[in-house]
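Participant: Residue numbers for the sequence shown follow full-length UniProt numbering, so the first one is 1 and each next one is one higher.
First the structure, then my questions, so here it is.
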Amino acid sequence: MKVQKEFVLREIAGDYVIIPTGKTVLTFNGLITVNEVGADLWKMLQSEVTFGDLLKGILEIYDVDEETAKEDIQEFLDTLIEGGILDKPEETEE
């Protein structure tokens with residue numbers, strides 16, 4: 001999975017926001033505010049990655065248990081999918 005190139009992450013006054021660019025501005029109303037974990041996930045999603053890749057990256061960066069990390073990653077991905085920023089990944093094994 002990989003995020004669409006029409007969206008970018010910006011840091012504004014210490015907050016991270018995902019904003020649309022180009023013609024996407026006409027169809028996507030608003031922006032999405034994310035925390036540091038979300039910003040790190042966003043950076044990983046700039047290239048083709050699997051859920052397992054995201055999980056491994058977060059577990060290496062943060063002191064968090066695996067179950068909590070899985071839940072948080074899935075919640076973040078669901079938000080991106082609902083916003084049309086990330087295509088729903090096909091069902092594959094991790």
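Ideal placement from N, C-alpha and C gives every residue a C-beta, glycine not left out.
Please read these numbers as outputs of a predicted model, since none were measured by experiment.
Kindly list the residues whose CB is nearer than 6 Å to the CB of GLY57, restricted to its own chain and excluding five residues on each side of it in sequence; keep chain order.
Facilitator: MET44
Participant: Pick helix, strand or coil for THR50, following the three-state DSSP scheme.
Facilitator: coil
Participant: Within the continuous beta strand (DSSP E) that includes LEU7, where are the two ends?
Facilitator: Correcting the residue identity first, residue 7 is Phe in this sequence and not Leu. Bounds of the beta strand (DSSP E) holding PHE7 are 7-12.
Participant: Could you tell me which residues DSSP pairs with ILE61 in its beta bridges?
Facilitator: In DSSP, ILE61 forms no bridge with anything.
Participant: Does the region 18-35 come close enough to the region 59-72 to have 3 or more Cβ pairs within less than 8 Å?
Facilitator: no
Participant: So, are the CB atoms of VAL8 and LEU31 less than 8 Å apart?
Facilitator: no
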